[in-house]
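Below: the structure, in structure tokens.
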Amino acid sequence: MLTKTALLLLVSSPALAMLGCNSKADSTQDTTQLAQSAAATNPDAPIMLRGSVVSASATQIVLKSDTGAVTVAVAQPLQVYTRAASDLAHVKENSFIGVTTVKQADGSERATEIHIFPEELRGLGEGSRMMAPSTSDAASRMTNGNVSASRMTNGTASQSRMSNGNVSSTNGSTLVVQYAGGSQNVTVPPRTPVTELKPSSKALAAGDQVAVLAKKAPDGSLTADKAISTAK
């Protein structure tokens, strides 16, 4: 049975993130962290398990984490997602995205990275939560929600955050990310890196770095039919 400490946190990945983060952090890790936090408040939400594949077969995946090995039963067909380079032209109305931002002196948020999620991962980890800083980086926030509007703004960076959501308007360079209980205005500079999580025919193998979306049964067993590659 999986212990509480063994539940691992993930574009963002997006955010998956899938997957979103600043340039010094692992965006897929950030997205799993948000998904795990959401699962804590919603028992029906998938649990994000992050680690290195020890073994993988048609029936189960064994992951190695910092806290030990975790065994997850596979519900076929298992879909694996990988990150691919994209651009702002693919951030369209009603897209589900993950955005990493840095806080400006005026309180606004500036995007440093955007992750586009496929339709089947829409809604993963909805909400907004602070994250512990990584090494010398400033504290960050991750947000999953719906982007409802956009416009042109500018700013300078000082503190990291991440926002995930649905894009309902992309007329300018600012996305308004909405989620249950709040929203986030995000300035998007023209050269903001964009990645996209896409379905892959890749089969998992020992050594792969992944985040597995699992459901936990009352007896503590875990079953998954989706996995996100976190390799850079």
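Here the sequence shown stands for residues 288 to 519, where the numbers follow this note's numbering. C-beta atoms are modelled at their ideal positions from N, C-alpha and C, and glycine is treated no differently.
Item	Value
If we ignore side chains and look at the alpha-carbon of each, how far apart do T479 and G469 end up?	24 Å
Specify the secondary structure class of S516 as computed by DSSP and reduced to three states.	strand
Our contact map puts V522 next to Q471 with C-beta atoms below 8 Å; I'd like the distance itself, whole angstroms only.	In the structure displayed, the chain extends from 288 to 519; residue 522 sits before or after that span and is not available.
I need the DSSP call for E396, collapsed to helix, strand or coil.	strand
Rounding to the nearest angstrom, what Cα-Cα distance links L321 and A343 in this structure?	Only weak support is given to the placement of L321: the predicted model assigns it a pLDDT of 44, under 50, and the question is left unresolved by the model.
If you count every other CB in all the chains shown that lies within 10 Å of the CB of A312, and 16 or more means buried, which is it?	Caution applies to A312, whose pLDDT of 40 falls short of 50 and renders its modelled position unreliable; the model cannot decide the point.
Looking at C-alpha atoms only, which residue of G394, T461 and I384 is the closest neighbour of F404?	I384
Please report the distance separating the alpha-carbon of A490 from that of V367.	7 Å
Which first and last residues belong to the beta strand (DSSP E) in which E413 is found?	No beta strand (DSSP E) holds E413; DSSP gives it neither H nor E.
In angstroms, rounded to a whole number, what distance separates the CA positions of S395 and V349?	42 Å
Looking only at its own chain, which residues have a Cβ that is under 6 Å from the Cβ of N433, when we skip the five neighbours before and after it?	G452, N453 and Q465
Does the Cβ of A345 have 16 or more other Cβ atoms within 10 Å, making it buried, or fewer, making it exposed?	exposed
Let me check understanding here. Comparing Cα to Cα, which of L375, L411 and D495 lies closest to A467?	L411
State yes or no: is the C-beta of V359 within less than 7 Å of the C-beta of L500?	no
According to the neighbour-count rule (16 or more other Cβ atoms, all chains shown, within 10 Å of its Cβ), is E400 buried or exposed?	buried
Just to confirm the assignment, what range does the beta strand (DSSP E) spanning T358 have?	G355 to S373
Going by DSSP in three states, A343 sits in which element: helix, strand or coil?	strand
Going straight from the alpha carbon of V386 to that of S487, what length do you get?	22 Å
Give the range of the beta strand (DSSP E) segment to which S487 is assigned.	V481 to S487
Kindly indicate which three-state DSSP category A332 falls into: helix, strand or coil?	coil
Select from D331, R370 and G355 the residue whose C-alpha is nearest the C-alpha of T517.	R370
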